[in-house]
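Undergrad: One structure follows; several queries about it will come next.
There are 2 protein chains.
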Amino acid sequence: MKRPTMKDVAQAAGVSLMTVSRVVSNAPGVSPDTVAKVEQAVRRLGYQRNVNARNLRQKRLGTSTIGVVVDDLANPFYALMARSIEDEAHRRGCVVLVGSTNDEPRREREVIAAFTARQVDGLIVVPTIGSHGFLRPAMEAGTHVVCVDRPAEGLDVDTVTVDNRDGARHAVTHLLAHGHSRIAYLGDRYDIWTQRERYAGYLDAFSARGLSADPALVRHGLRSHLEARLALADLRALPDPPTALFTSNDLITLGVLDAMDDLDGPERPRAAGHPLPMAVVGFDDLPLAKLLDPPLTVVSQDPVAVGSTAANLLFSRIAGDRSAPRKVILLTRLVERRSGERPGHRPDLPATPS
Amino acid sequence: MKRPTMKDVAQAAGVSLMTVSRVVSNAPGVSPDTVAKVEQAVRRLGYQRNVNARNLRQKRLGTSTIGVVVDDLANPFYALMARSIEDEAHRRGCVVLVGSTNDEPRREREVIAAFTARQVDGLIVVPTIGSHGFLRPAMEAGTHVVCVDRPAEGLDVDTVTVDNRDGARHAVTHLLAHGHSRIAYLGDRYDIWTQRERYAGYLDAFSARGLSADPALVRHGLRSHLEARLALADLRALPDPPTALFTSNDLITLGVLDAMDDLDGPERPRAAGHPLPMAVVGFDDLPLAKLLDPPLTVVSQDPVAVGSTAANLLFSRIAGDRSAPRKVILLTRLVERRSGERPGHRPDLPATPS
DNA sequence: ATGAAAGCGCTAACAG
DNA sequence: CTGTTAGCGCTTTCAT
Numbered sequence: 034m035k036r037p038t039m040k041d042v043a044q045a046a047g048v049s050l051m052t053v054s055r056v057v058s059n060a061p062g063v064s065p066d067t068v069a070k071v072e073q074a075v076r077r078l079g080y081q082r083n084v085n086a087r088n089l090r091q092k093r094l095g096t097s098t099i100g101v102v103v104d105d106l107a108n109p110f111y112a113l114m115a116r117s118i119e120d121e122a123h124r125r126g127c128v129v130l131v132g133s134t135n136d137e138p139r140r141e142r143e144v145i146a147a148f149t150a151r152q153v154d155g156l157i158v159v160p161t162i163g164s165h166g167f168l169r170p171a172m173e174a175g176t177h178v179v180c181v182d183r184p185a186e187g188l189d190v191d192t193v194t195v196d197n198r199d200g201a202r203h204a205v206t207h208l209l210a211h212g213h214s215r216i217a218y219l220g221d222r223y224d225i226w227t228q229r230e231r232y233a234g235y236l237d238a239f240s241a242r243g244l245s246a247d248p249a250l251v252r253h254g255l256r257s258h259l260e261a262r263l264a265l266a267d268l269r270a271l272p273d274p275p276t277a278l279f280t281s282n283d284l285i286t287l288g289v290l291d292a293m294d295d296l297d298g299p300e301r302p303r304a305a306g307h308p309l310p311m312a313v314v315g316f317d318d319l320p321l322a323k324l325l326d327p328p329l330t331v332v333s334q335d336p337v338a339v340g341s342t343a344a345n346l347l348f349s350r351i352a353g354d355r356s357a358p359r360k361v362i363l364l365t366r367l368v369e370r371r372s373g374e375r376p377g378h379r380p381d382l383p384a385t386p387s
Numbered sequence: 034m035k036r037p038t039m040k041d042v043a044q045a046a047g048v049s050l051m052t053v054s055r056v057v058s059n060a061p062g063v064s065p066d067t068v069a070k071v072e073q074a075v076r077r078l079g080y081q082r083n084v085n086a087r088n089l090r091q092k093r094l095g096t097s098t099i100g101v102v103v104d105d106l107a108n109p110f111y112a113l114m115a116r117s118i119e120d121e122a123h124r125r126g127c128v129v130l131v132g133s134t135n136d137e138p139r140r141e142r143e144v145i146a147a148f149t150a151r152q153v154d155g156l157i158v159v160p161t162i163g164s165h166g167f168l169r170p171a172m173e174a175g176t177h178v179v180c181v182d183r184p185a186e187g188l189d190v191d192t193v194t195v196d197n198r199d200g201a202r203h204a205v206t207h208l209l210a211h212g213h214s215r216i217a218y219l220g221d222r223y224d225i226w227t228q229r230e231r232y233a234g235y236l237d238a239f240s241a242r243g244l245s246a247d248p249a250l251v252r253h254g255l256r257s258h259l260e261a262r263l264a265l266a267d268l269r270a271l272p273d274p275p276t277a278l279f280t281s282n283d284l285i286t287l288g289v290l291d292a293m294d295d296l297d298g299p300e301r302p303r304a305a306g307h308p309l310p311m312a313v314v315g316f317d318d319l320p321l322a323k324l325l326d327p328p329l330t331v332v333s334q335d336p337v338a339v340g341s342t343a344a345n346l347l348f349s350r351i352a353g354d355r356s357a358p359r360k361v362i363l364l365t366r367l368v369e370r371r372s373g374e375r376p377g378h379r380p381d382l383p384a385t386p387s
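Chain order of the listed sequences is U and D. The numbers in our numbering rise by one with no breaks, and the one at position 97 of the first sequence is 130. The numbers in our numbering rise by one with no breaks, and the one at position 206 of the second sequence is 239.
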């Protein structure tokens, strides 16, 4: 009924506990004969070494456990990222603890505390807002941390992000090149770093042409599908409504697409060309984007690359790399399908220069 | 530089180690004065209790760690499920280890071994094929296990699945009701339980009408997007091609949709009504399904319900429930959009009886 | 090649 | 209320 220990195995094999330890650790200097005896006892009892007890004594190798802390594990972007981190960890014989923060600093702290209390060797974190000085003690105690998706305030550590600003700029430039000038910005909470960056990119695209965005077309703080829909309804009611939309994450893109579909009614004639009432370009790719009518143009990031880069960074730190913190910025890609175009309009500039 | 221990805190606070232990554990019977002294020392040193060491001694409460083992964490279904399990765990002060098996029995074993070696209190597992007798020793040692998505061969434990067979039957019945009779089945590996069930449901729908499926229209073993595309091309080349498709998971659905889109070319006239060359009903909902043309009809399962049900089952086992293993079967829902219909055809039977 | 003793960081079980 | 002793399951160090 109880879990067998090395002591039990030793007794069963008629050797000392220390010999069992050696066999289980593949340590040299045990007679083949004894090894066989012990291994048989191990199998007979179904013995498995207690890794936690081992780590308590032998801290040279760490716990072979890392923690991954994301906003929301269910978000496809983070799910893909977590999976690629998990693959890297598995290759190295590590296990991974995961936790979602929901973007709540308090929950982030709880999760991280629970992880460090279990002596993780390192942490890959999507930081929420606010100072991350609370990580200092853990880091001094030897826990390595790598930030992903956004930098942590007040913490100079390895960080892997994508060039959000550049990606947004490309998206909006694409819309401008296709003759749109009244382009709305629909974004999530402005206090989230990625959203600030994307908004800055939106503005950049206008200034690069000597234009400026109309503040009346800017909506920040859209937290849900529903809020995105509401924002769209609001924009359409304007005396001079936008002709194009830049949506700064997948949830918002989904919301406005849905809203357009509904507003027009299920029986709306779907003419060839461009059945949507407005052009749309969104941040983040979606599985069926290509099959929409018109196919959806998006800025896509590569979550697998983000994850594996972060994991590699973390594992080299764990392996002893003490060089200066690295800031890796990955590129996004504008996937031009058709939702950003205007039927019959000839773009005046290539959307993706060089 | 090194991690402070209780001993360090005791020294800093001028009390015994045991007193620190009491304060850190909120044990009663320590003078408010001493508590304050200790708490200050804790803060000053940035002390955090080593949970692994604690668990070594105090096994009454377990390790407050559970393991979640899925096919592929990046799969939206499992990501959602994992997230809902994580929420339940967090509520109870537990952390969760995750691992992907890739449907490989060997990797499943490695992952599970790594988890049990860390003394997890319980495991939520999406079992791969093959006998799971190897879990017996761990279970006897007190590790509780709950299976999700599919039952484990040779292991009588709590299991949470959805009624795959019923879901598939509904989907195909819907197609039959809309006048289709040449309905192809495109499925993943037949050795996966869910796929066998779904195929059985496909057959059921025919026999319920006194019909039988044409074996020439059945394709098993489609492992990827690409293979699904190939299978579709193959079916279309048949002398008497199908008029409708039942696709038995999201990856396959995506593949055939994509293939149809390409085959018809980007310039295909998108007439109102039903621009797809064949009707399609798929297992698993997709985020943009509603916005396709025609909107995609799917069988949807609720991953969040699956996850929270499994988590609740597991935590009651951990809390001491020793009743007989439960088999929970959740229902699917046929989300009727339009891709399963035939323009102008009047269904001869309600697709969802009662 | 094998074993005995000490101790990792903590808590249970007793003292005072 | 506080401290002492033992020991969780294992590895280190030092014998033999």
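Glycine is no exception: its CB is placed at the ideal position from the N, C-alpha and C atoms.
Inspect the beta-carbon positions of U/ALA74 and U/VAL42 and report whether they are closer than 8 Å.
TA: On the first sequence, position 41 is the one that residue 74 of chain U refers to. On the first sequence, position 9 is the one that residue 42 of chain U refers to. Yes, Cβ-Cβ distance for U/ALA74 and U/VAL42 is below 8 Å.
Undergrad: For D/GLY288, I'd like the list of residues in its chain whose CB is within less than 6 Å of its CB, leaving aside the five on either flank, ordered along the chain.
TA: By one-based count along the second sequence, residue 288 of chain D stands at place 255. Hits under 6 Å: HIS258, ALA261 and ARG262.
Undergrad: Does D/GLU374 pass the burial test, meaning 16 or more other C-beta atoms within 10 Å, or should it be called exposed?
TA: Along the second sequence, read from residue 1 onward, the residue named residue 374 of chain D stands at position 341. That one is buried.
Undergrad: Which bits of chain D does U/VAL331 rub up against, with CB to CB less than 7 Å?
TA: Translated into the one-based positions of the first sequence, residue 331 of chain U becomes position 298. Near U/VAL331 there are no residues of chain D at all, since even the closest Cβ is about 12 Å away, more than 7 Å.
Undergrad: Using the Cα positions of D/GLY187 and D/ARG169, report the straight-line distance between them to the nearest angstrom.
TA: In the second sequence, counting from the first residue as 1, residue 187 of chain D sits at position 154. In the second sequence, counting from the first residue as 1, residue 169 of chain D sits at position 136. Going by the C-alpha atoms only, they are around 10 Å apart.
Undergrad: As a quick exercise: from U/GLY353, U/PHE316, U/GLU369 and U/PRO310, pick the residue whose alpha carbon is nearest that of U/LYS323.
TA: As a position in the first sequence, residue 323 of chain U is number 290, starting the count at 1. Of the listed residues, the one whose Cα sits closest to U/LYS323 is U/GLU369.
Undergrad: So, does the CB of D/GLU119 fall closer than 8 Å to a CB anywhere in chain U?
TA: On the second sequence, position 86 is the one that residue 119 of chain D refers to. It does; some Cβ of chain U falls within 8 Å.
Undergrad: Report the partner residues of U/SER164 according to the DSSP bridge assignment.
TA: What you label residue 164 of chain U is simply residue 131 of the first sequence in a count that begins at 1. U/SER164 pairs with U/GLU186.
Undergrad: In terms of residue numbering, what span does the beta strand (DSSP E) encompassing D/HIS177 cover?
TA: The count along the second sequence starts at 1 and reaches residue 177 of chain D at position 144. That run of the beta strand (DSSP E) goes 177-181.
Undergrad: Looking at the C-beta of D/VAL159, does it have a partner C-beta in chain U at a distance below 8 Å?
TA: In the second sequence, residue 159 of chain D corresponds to position 126, counting from 1. Chain U, which has no Cβ nearer than 8 Å to the Cβ of D/VAL159, makes this no.
Undergrad: Can you list the residues of chain D that U/THR280 reaches, using a CB-CB cut of under 8 Å?
TA: On the first sequence, position 247 is the one that residue 280 of chain U refers to. Correct list: empty, because the minimum Cβ distance to chain D is about 14 Å.
Undergrad: What residues match up with U/VAL128 in a beta bridge as DSSP calls it?
TA: One-based indexing of the first sequence puts residue 128 of chain U at position 95. Per DSSP, U/THR98.
Undergrad: Let me confirm a value: D/ASN88 is counted as buried when at least 16 other C-beta atoms fall within 10 Å, else exposed. Which label applies?
TA: Residue 88 of chain D sits at position 55 when you count from the first residue of the second sequence. D/ASN88 is buried by the Cβ-count criterion.
Undergrad: Helix, strand or coil for U/ILE157, going by three-state DSSP, please let me know.
TA: Position 124 of the first sequence holds residue 157 of chain U. Three-state DSSP puts U/ILE157 in a strand.
Undergrad: Suppose only complete runs of 3+ residues qualify. What are the beta strand (DSSP E) ranges in the stretch 56-119 of chain U, listed by chain order?
TA: Counting whole runs of 3 or more residues, the stretch 56-119 of chain U contains the beta strand (DSSP E) stretches 98-103.
Undergrad: Any beta-carbon of chain D closer than 8 Å to the one on U/ARG202?
TA: Start at 1 with the first residue of the first sequence, and residue 202 of chain U comes out as number 169. False, the Cβ-Cβ gap to chain D never drops below 8 Å.
Undergrad: Can you tell which of D/ASP154, D/THR52, D/MET114 and D/ALA264 has the C-alpha that lies nearest to the C-alpha of D/ILE99?
TA: For the purposes of this step, residue 99 of chain D is taken as the residue at position 66 of the second sequence. Nearest of D/ASP154, D/THR52, D/MET114 and D/ALA264 to D/ILE99, Cα basis: D/ASP154.
Undergrad: Can you name the start and end residues of the alpha helix (DSSP H) that U/LYS40 belongs to?
TA: Locating residue 40 of chain U in the first sequence gives position 7, where the first residue counts as 1. Its alpha helix (DSSP H) spans residues 39-46.
Undergrad: Just by C-beta distance, which residues in the stretch 103-119 of chain D are closer than 7 Å to chain U?
TA: Here the close residues are ASP105, LEU106, ALA107, PRO109, ALA112, LEU113, ALA115, ARG116 and GLU119.
Undergrad: Cβ of D/VAL195 within 8 Å of Cβ of D/VAL178?
TA: Looking up residue 195 of chain D in the second sequence gives position 162. Looking up residue 178 of chain D in the second sequence gives position 145. Their beta carbons are not under 8 Å apart, which means D/VAL195 does not touch D/VAL178 by this criterion.
Undergrad: Nearest by alpha-carbon distance to U/ALA201: which of U/SER356, U/ARG350 and U/ASP317 is it?
TA: Indexing the first sequence from 1 puts residue 201 of chain U at position 168. Taking only the C-alpha atoms, the option nearest U/ALA201 is U/ASP317.
Undergrad: Have a look at D/MET293 and D/GLY254 and give me their C-alpha separation to the nearest angstrom.
TA: As a first step, residue 293 of chain D is located in the second sequence; it is residue number 260 there, counting from the start. As a first step, residue 254 of chain D is located in the second sequence; it is residue number 221 there, counting from the start. The alpha-carbon atoms of D/MET293 and D/GLY254 are separated by roughly 20 Å.
Undergrad: Spell out the partners DSSP gives D/ASP218 in its beta bridges.
TA: To locate residue 218 of chain D, count along the second sequence from 1; it is residue 185. Note on identity: in this sequence residue 218 of chain D is Tyr, with Asp being the wrong assignment. Note: D/TYR218 sits in a beta bridge opposite D/VAL251 and D/PHE279.
Undergrad: On the CB-based measure, 16 or more other CB atoms within 10 Å of its CB, does D/PRO299 come out buried or exposed?
TA: Along the second sequence, one-based indexing puts residue 299 of chain D at 266. Its pLDDT being 47, under 50, D/PRO299 is placed unreliably by the model, and the measurement read from it follows with that caveat. D/PRO299 is exposed by the Cβ-count criterion.
Undergrad: In three-state terms, what does DSSP make of D/ILE362?
TA: Position 329 of the second sequence holds residue 362 of chain D. Note: D/ILE362 maps to strand in three-state DSSP.
Undergrad: Using a Cβ-Cβ cutoff of 8 Å, what residues of the stretch 142-159 of chain U are near chain D? List them in chain order.
TA: Within the stretch 142-159 of chain U, the qualifying residues are GLU143, VAL144, ALA146, ALA147, PHE148, THR149, ALA150, ARG151 and GLN152.
Undergrad: Give the DSSP-derived three-state secondary structure of D/LEU321 in the structure shown.
TA: The count along the second sequence starts at 1 and reaches residue 321 of chain D at position 288. D/LEU321: coil per DSSP, three-state reduction.
Undergrad: What does the Cβ neighbour count give for U/ILE362, buried or exposed, with the cut at 16 atoms within 10 Å?
TA: Translated into the one-based positions of the first sequence, residue 362 of chain U becomes position 329. Exposed is the call here.
Undergrad: Between which two residues does the alpha helix (DSSP H) carrying U/SER240 extend?
TA: Position 207 of the first sequence, counting from 1, holds the residue named residue 240 of chain U. 226-240 is the span of the alpha helix (DSSP H), which, as asked, contains U/SER240.
Undergrad: Do you know offhand how far U/ASP273's Cα is from U/ARG231's?
TA: As a working mapping, residue 273 of chain U is identified with position 240 in the first sequence. As a working mapping, residue 231 of chain U is identified with position 198 in the first sequence. Cα to Cα, the separation comes out at about 24 Å.
Undergrad: Going straight from the alpha carbon of D/VAL57 to that of D/ARG82, what length do you get?
TA: Here residue 57 of chain D refers to the residue found at position 24 when the second sequence is read from its first residue. Here residue 82 of chain D refers to the residue found at position 49 when the second sequence is read from its first residue. In a straight line, the C-alpha of D/VAL57 is about 8 Å away from that of D/ARG82.
Undergrad: So D/SER349 is in the alpha helix (DSSP H); what residue range does that whole segment cover?
TA: Numbered from its first residue, the second sequence carries residue 349 of chain D at position 316. Per DSSP, D/SER349 belongs to the alpha helix (DSSP H) from 336-351.
Undergrad: What in chain D is Cβ-close to U/ASN59, meaning under 7 Å?
TA: Position 26 of the first sequence, counted from the start, is the residue given in the question as residue 59 of chain U. Those within 7 Å of U/ASN59 in chain D number zero; the least Cβ separation is about 15 Å.
Undergrad: Use the C-beta contact count for U/ALA266: other C-beta atoms within 10 angstroms, 16 or more gives buried, fewer gives exposed.
TA: On the first sequence, residue 266 of chain U is found 233 positions in, with the first residue counted as 1. Result: exposed.
Undergrad: How many angstroms separate the CA atom of U/ARG303 from the CA atom of D/HIS123?
TA: By one-based count along the first sequence, residue 303 of chain U stands at place 270. By one-based count along the second sequence, residue 123 of chain D stands at place 90. Note that U/ARG303 scores 45 on pLDDT, short of 50, meaning its location in the model is unreliable and no value can be drawn from it.
Undergrad: Is D/ARG82 close to chain U, meaning its C-beta is less than 8 Å from at least one C-beta of that chain?
TA: For the purposes of this step, residue 82 of chain D is identified with residue 49 of the second sequence, where counting begins at 1. Closer than 8 Å: yes.
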